[in-house]
Amino acid sequence: MLLVDDEEELVSTLVERLAFRGIRADWVRSGLEALQHVKQSDYQAVILDWKLPGMSSLEVMHHINSGYPRIKILIMTGQVDVEEELTNLLNEWPSLTHEILFKPIKIDVLVEKIRNAIRGG
Amino acid sequence: MSGNNKPHVQESELAFFSAITTSATHEMNNVLAITEQTAGLLEDLCIEDVSEINLSREKLKGIVDRITRQLARGSQIMQRLNSFAHGADNPTQTAELNALLENLVMLMQRFAAMKKIRLDMVPASQLVPVCGRIFTLESEIFNAINAAIEESPSGATINITVRNEKIQIVSELRERGLDITLLQVSREAP
């Protein structure tokens, strides 16, 4: 799977912690890099920070969904005030987002959400 | 100032206050998230069989440094937010323009970073005391820098220069220089 967040120390640490739990993941810092990685690798899921610099997360989601509809997309955000916006997005385009995760997130919760998304639960 | 001696807060000033606090607290949330995950990583390493994971002193030092960096970052965000909030303490107060602008520019870096724009500030060579409604002044400077961010292309650097009572905001992309806004700040004796 792929983690996308401009907070390098957050994504790199999460990738290390996921590895201890048997989940292999890569990380990148922008939407553009994410799309390049998605082209080159066979990811089952992508976790996207909602506020990315440059290309917006919504654009990235549309690109992934149209080119690789099999990939599950999970949104991660530190802004509780966008919950309504994201919930509406989930309702409008259920195919786009599988789950919304709020930072800070417990690693066990993250692992459960990833496994659920990959299983299609 | 209204009749009951309370300052009249404009809608744009409330929007400014909201934008700065939302951004700073969002950044603090990232600091907490990184610190929590890094502490969690240390916990993971304690649980694992050390002989199997090749745990070196350098690796541990790197993890501790990551926590130290985030604590310093969090502390700086809190100091800047605190200093910013004090700008609204009194209807009329004195401030030093270089320090005020430096604080505001740091608090606005995240706004610029979302468009992959850099904010650079060049202070005046001497102290520039300003007196008046400091919060209103900050709000105006915020609007001017925000306008420059909106107008600037991705990859640009916005140079904010203090020249005595003037603040110049210039957006540059490589060799192309574009003068976007010139903000005049009137100075009164404190």
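So the protein lines, in turn, are chains A and B. When we follow our numbering, the leftmost residue of the first sequence carries the number 1, and every step to the right adds one. When we follow our numbering, the leftmost residue of the second sequence carries the number 1001, and every step to the right adds one. Ideal placement from N, C-alpha and C gives every residue a C-beta, glycine not left out.
Counting only runs that start and end within the segment 1065–1140 of chain B, where is the beta strand (DSSP E) found for 3 or more residues in a row? 1093–1096, 1118–1122, 1129–1132
At the 7 Å Cβ level, is residue 31 (chain A) part of the contact set with chain B, yes or no? By one-based count along the first sequence, residue 31 (chain A) stands at place 31. For residue 31 (chain A), no CB of chain B lies under 7 Å from its own CB, so it is not counted at the interface with that chain.
Just checking: is the beta-carbon of residue 20 (chain A) within a distance shorter than 7 Å of some beta-carbon in chain B? Locating residue 20 (chain A) in the first sequence gives position 20, counting from the first residue. Judged by the 7 Å Cβ criterion, residue 20 (chain A) is in contact with chain B.
In whole angstroms, give me the CA-to-CA distance for residue 1127 (chain B) and residue 1082 (chain B). Indexing the second sequence from 1 puts residue 1127 (chain B) at position 127. Indexing the second sequence from 1 puts residue 1082 (chain B) at position 82. One C-alpha to the other measures close to 22 Å.
Check whether residue 76 (chain A) and residue 44 (chain A) have beta carbons under 7 Å apart: Looking up residue 76 (chain A) in the first sequence gives position 76. Looking up residue 44 (chain A) in the first sequence gives position 44. No. Outside cutoff.
I need the DSSP call for residue 48 (chain A), collapsed to helix, strand or coil. Walking along the first sequence from the start, residue 48 (chain A) turns up at place 48. Strand, per DSSP.
Any beta-carbon of chain B closer than 7 Å to the one on residue 78 (chain A)? As a first step, residue 78 (chain A) is located in the first sequence; it is residue number 78 there, counting from the start. With 7 Å as the cut-off, residue 78 (chain A) counts as an interface residue toward chain B.
Beta-bridge partners of residue 1143 (chain B), as assigned by DSSP: Translated into positions along the second sequence, residue 1143 (chain B) becomes position 143. According to DSSP, which records beta bridges pairwise, residue 1143 (chain B) is partnered with nothing at all.
With the cut-off set at 7 Å, would you say residue 1171 (chain B) and residue 1154 (chain B) are in Cβ contact? Taking the first residue of the second sequence as 1, we reach residue 1171 (chain B) at position 171. Taking the first residue of the second sequence as 1, we reach residue 1154 (chain B) at position 154. No, Cβ-Cβ distance for residue 1171 (chain B) and residue 1154 (chain B) is not below 7 Å.
Do residue 37 (chain A) and residue 72 (chain A) have their CB atoms nearer than 7 Å? In the first sequence, counting from the first residue as 1, residue 37 (chain A) sits at position 37. In the first sequence, counting from the first residue as 1, residue 72 (chain A) sits at position 72. Cβ distance not < 7 Å, so residue 37 (chain A) and residue 72 (chain A) don't count as in contact.
Helix, strand or coil for residue 1166 (chain B) per DSSP? The count along the second sequence starts at 1 and reaches residue 1166 (chain B) at position 166. In the displayed model, residue 1166 (chain B) falls within a strand according to three-state DSSP.
Would you give the residue range spanned by the alpha helix (DSSP H) that residue 1035 (chain B) belongs to? Taking the first residue of the second sequence as position 1, residue 1035 (chain B) is located at position 35. Residue 1035 (chain B) -> alpha helix (DSSP H) spans 1011–1047.
Would the beta-carbon of residue 1093 (chain B) fall within 7 Å of that of residue 1145 (chain B)? As a working mapping, residue 1093 (chain B) is identified with position 93 in the second sequence. As a working mapping, residue 1145 (chain B) is identified with position 145 in the second sequence. Between residue 1093 (chain B) and residue 1145 (chain B), the C-beta gap is not smaller than 7 Å, which leaves the two residues out of contact.
Close-in-space but distant-in-sequence residues of the same chain around residue 1103 (chain B) (CB under 7 Å, 5 per side omitted): The residue given as residue 1103 (chain B) occupies position 103 in the second sequence. The residues are 1080, 1083, 1084.
Run the proximity test for residue 1013 (chain B): is its beta-carbon closer than 6 Å to any non-hydrogen atom belonging to the ligand GTP? The ligand GTP is not part of the structure shown, which contains no ligands of any sort.
So if I threshold CB-CB distances at 8 Å, which residues from the segment 1017–1042 of chain B count as touching chain A? 1022, 1026, 1029, 1030, 1032, 1033, 1034, 1036, 1037, 1038, 1040, 1041
How long is the line joining the alpha carbons of residue 1046 (chain B) and residue 1086 (chain B), rounded to whole angstroms? As a first step, residue 1046 (chain B) must be located in the second sequence, where it is residue number 46. As a first step, residue 1086 (chain B) must be located in the second sequence, where it is residue number 86. C-alpha separation (whole angstroms): 44 Å.
Give a yes or no on contact between the segment 80–91 of chain A and the segment 63–71 of chain A, applying the rule of three or more CB pairs nearer than 8 Å. no
Neighbour flag for residue 1112 (chain B) against chain A, beta carbons, 7 Å: Along the second sequence, one-based indexing puts residue 1112 (chain B) at 112. Not closer than 7 Å to any Cβ of chain A, the Cβ of residue 1112 (chain B) fails to qualify, so no.
Cβ distance (whole Å) where residue 101 (chain A) is taken to contact residue 74 (chain A) below 8 Å: In the first sequence, counting from the first residue as 1, residue 101 (chain A) sits at position 101. In the first sequence, counting from the first residue as 1, residue 74 (chain A) sits at position 74. Indeed they touch by this definition, with Cβ atoms about 6 Å apart.
Report yes if the C-beta distance between residue 1149 (chain B) and residue 1112 (chain B) is below 7 Å; otherwise report no. Start at 1 with the first residue of the second sequence, and residue 1149 (chain B) comes out as number 149. Start at 1 with the first residue of the second sequence, and residue 1112 (chain B) comes out as number 112. Yes; because the gap between Cβ atoms is below 7 Å, this pair is in contact.
Classify residue 1108 (chain B) as buried or exposed, calling it buried when 16 or more other Cβ atoms lie within 10 Å of its own Cβ. The count along the second sequence starts at 1 and reaches residue 1108 (chain B) at position 108. By the neighbour-count rule (16 or more Cβ atoms within 10 Å), residue 1108 (chain B) is buried.
Can you grab the Cα-Cα spacing for the pair residue 82 (chain A) / residue 1125 (chain B), in whole Å? Counting from 1 along the first sequence, the entry for residue 82 (chain A) is found at position 82. Counting from 1 along the second sequence, the entry for residue 1125 (chain B) is found at position 125. Taking the straight line from one Cα to the other gives about 43 Å.
Assuming residue 28 (chain A) is part of the beta strand (DSSP E), what are its boundary residues? On the first sequence, residue 28 (chain A) is found 28 positions in, with the first residue counted as 1. Element bounds for residue 28 (chain A): 26–28.
Nonlocal neighbours in the same chain, by C-beta distance under 8 Å from residue 1016 (chain B), ignoring five residues either side: In the second sequence, counting from the first residue as 1, residue 1016 (chain B) sits at position 16. These residues qualify, in order along the chain: 1138, 1139, 1142, 1143.
Applying the 10 Å Cβ sphere with the 16-neighbour rule, what's the burial state of residue 103 (chain A)? Walking along the first sequence from the start, residue 103 (chain A) turns up at place 103. The residue in question, residue 103 (chain A), is buried, as its Cβ has 16 or more Cβ neighbours within 10 Å.
Proximity of residue 981 (chain B) and residue 1077 (chain B) at Cβ, strictly below 7 Å: With chain B covering only 1001 through 1190, there is no way to say anything about residue 981 (chain B).
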